[in-house]
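Asks: In numbering that gives the first Met the number 0, the protein residues as written are 0 to 188.
The C-beta atom is built at its ideal place from N, Cα and C for all residues, glycine as well.
None of the values given here were measured: they were computed from a predicted structure.
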Amino acid sequence: MSRMQQRDEKLAATPRGLVGALGFLCLLSLGVILALGLITSVRAAPEVAGSGFEGTDEPVRVYLDPSTVAMTRCGTIEMTVKVQAVGGLWGLQYVIQFDPNLLEVVDANPAKAGIQIYPAEVFAGKATYEAANNVDNAAGRITYGVVMFNPQDEPFFGSGSLGRIVFRPKIQSQATSLIRFEERSCSLY
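Pasting the structure below:
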């Protein structure tokens with residue numbers, strides 16, 4: 000049996016409930032509230048969980064971390080998009096929205112044209128194709144997508160980083176901004 004056939008069998012064995020649970024997580028648009036001012040604090044939205052991969056009772060979650068951040072006006076806010084208890088991950092995509100009047104994303108790769116976030120660490124050292132890594136600071140939109148393409152690489156199982164974002168406040172007064180996954184934009188496969 001070829002490696003491609005083995006991979007196809009593994010993917011076919013992935014519980015369909017996992018895919019449904021992840022879709023449910025993304026549909027509920029997990030978010031984070033940013034209160035900007037003298038001190039900025041970040042709090043995660045309530046957790047929503049689905050069933051974990053086979054062999055674990057841990058729920059699958061996609062969320063922004065840390066759940067709370069405090070900083071001065073002139074600092075930056077670093078957030079990581081994380082996944083918990085995923086099984087057989089070959090690729091992912093998501094769109095995150097933020098208020099462009101209050102925040103801007105700091106470019107993770109100034110040598111490359113455009114503005115990018117830091118890539119997913121769950122695929123570090125593996126052959127991947129980054130289908131999208133674009134930030135539109137004017138529209139307040141982050142689009143990220145990556146997929147592994149070498150059938151000899153094992154898919155990712157467990158918990159880890161799906162990308163890292165560094166925000167910089169654009170105003171000096173107190174304000175609140177919602178950072179959230181765009182509805183129906185988050186997919187893990």
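What does the Cβ neighbour count give for I116, buried or exposed, with the cut at 16 atoms within 10 Å?
Replies: Here residue 116 refers to the residue found at position 117 of the sequence shown. Label assigned to I116: buried.
Asks: Quick one, are the C-beta atoms of E120 and G159 less than 7 Å apart?
Replies: Within the sequence shown, numbered from 1, the residue matching residue 120 stands at position 121. Within the sequence shown, numbered from 1, the residue matching residue 159 stands at position 160. Yes, Cβ-Cβ distance for E120 and G159 is below 7 Å.
Asks: Give the straight-line distance between the Cα atoms of E103 and V80, rounded to the nearest whole angstrom.
Replies: Reading the sequence shown from its first residue, position 104 is the one you call residue 103. Reading the sequence shown from its first residue, position 81 is the one you call residue 80. One C-alpha to the other measures close to 17 Å.
Asks: Report buried or exposed for Q96, applying the criterion of at least 16 other Cβ atoms within 10 angstroms of its Cβ.
Replies: Taking the first residue of the sequence shown as 1, we reach residue 96 at position 97. By the neighbour-count rule (16 or more Cβ atoms within 10 Å), Q96 is buried.
Asks: Mind reading off the beta-carbon distance from A130 to V145? Whole number of angstroms is fine, and I expect it under 8 Å.
Replies: Taking the sequence shown and counting its residues from 1, one reaches residue 130 at position 131. Taking the sequence shown and counting its residues from 1, one reaches residue 145 at position 146. Right, the Cβ-Cβ distance comes to about 7 Å (below 8 Å), so this counts as a contact.
Asks: Kindly identify the DSSP beta-bridge partner or partners of S186.
Replies: Taking the first residue of the sequence shown as position 1, residue 186 is located at position 187. S186 pairs with Q92.
Asks: Leaving out five residues before and five after A137 in sequence, what residues of the same chain have Cβ atoms less than 8 Å from its Cβ?
Replies: Translated into the one-based positions of the sequence shown, residue 137 becomes position 138. Contacts found: P99.
Asks: My guess is that V165 and E57 are in contact by the Cβ rule of under 8 Å, so how many angstroms apart are they, rounded?
Replies: For this step, residue 165 is matched to residue 166 along the sequence shown. For this step, residue 57 is matched to residue 58 along the sequence shown. Contact doesn't hold; Cβ gap of about 29 Å is too wide.
Asks: Look at the alpha carbon of Y128 and the alpha carbon of T75, and state the distance between them as a whole number of angstroms.
Replies: Residue numbering aside, residue 128 sits at position 129 when the sequence shown is read from its first letter. Residue numbering aside, residue 75 sits at position 76 when the sequence shown is read from its first letter. If you take the alpha carbons of Y128 and T75, they lie about 29 Å apart.
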